[in-house]
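Novice: 1 is the number of the first residue of the sequence shown in the UniProt record's numbering; add one for each residue after it. Just so you know, even glycine gets a beta-carbon here, dropped at the ideal spot from N, CA and C. Every value quoted in this text rests on a predicted model; they were computed, and no experiment measured them. Input: one structure, supplied below.
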Amino acid sequence: FNCCRRLEYPFKTGPEAINGAWGSWSPWSHCTRTCGAGIQAAERHWKYCTGERKHYRMCNVKGCQKSTPNFREMQCSEFDTVAYKNEFYQWIPIYNTANPCELQCRPTNQHFSEKMLDAVIDGTPCFEGNSYRDVCINGMCKTVGCDYEINSNATEDQCGVCLGDGSSCQTVKITFNQSEGFGKEIFPHTINLLYPFQIFCRKV
């Protein structure tokens, strides 16, 4: 005796699958800096898609005036008006090579420092010095090439031309006649330089 019986369940059909493509990119956001290379971001939205939801580009790459505080100094100074352990200080930045995109500051004339923010503002240089272009984005240090593209390995040639091959350089020969006393010539000195170049002279 077979106590089982066949049961049939009707299969309900739903709407046909559609392509879950990304939406269009949003307009670029305002640049995070007015000079010195800031960051702009654009976003796109859709569910269940793989790929980048947000991407970035450099903006306002022209250098700032030398007399202005650098971008990290400006961020630390925002805490000058915030009491720290019931005291007010003037804060200056500390560059942390282990975590370059944290905002670490210390009071002037003091020997302690404090992490003020987990991440500096996007576009803040990772390291101190004009020879570094790498910037912080979302708390991570990103490589920036001489073409000011993010994650670019573009470098200058020996004459400072971005992505150059050295063909624009010219060798310039300069001879100096060094004298001492009453104009007596000691020795001539010849140097070869690649053009363009800079020579800094000082009167002694």
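(1) Please state whether DSSP places Cys40 in a helix, a strand or coil.
(2) When the distance is taken between beta carbons, is Gly145 closer than 8 Å to Ser152?
(3) Answer yes if the region 72-79 comes into contact with the region 41-57, meaning at least three C-beta pairs across the two stretches below 8 Å, and no otherwise.
(4) Is the beta carbon of Asn70 closer than 8 Å to that of Cys31?
(5) Tell whether a beta-carbon distance below 8 Å holds between Cys141 and Cys101.
(6) Which residues mark the beginning and the end of the beta strand (DSSP E) in which Glu114 is found?
(7) Are the Cβ atoms of Val135 and Ala37 separated by less than 8 Å?
(8) Just how far apart, CA to CA, sit Phe127 and Lys62?
(9) So the alpha helix (DSSP H) Arg72 belongs to, where does it begin and stop?
(10) If you drop the 5 nearest sequence neighbours on each side, which residues of the same chain put their C-beta closer than 7 Å to that of Trp22?
Specialist: Working from what's here:
(1) At residue 40 the sequence reads Gln, which differs from the Cys that was named. In this structure, Gln40 counts as strand in the three-state DSSP scheme.
(2) If you check the CB distance, Ser152 and Gly145 come in under 8 Å.
(3) no
(4) no
(5) yes
(6) Segment 114-117, the beta strand (DSSP E) holding Glu114.
(7) yes
(8) 18 Å
(9) 71-77
(10) Taken in chain order, the residues that qualify are Arg44, Trp46, Cys49, Gly51.
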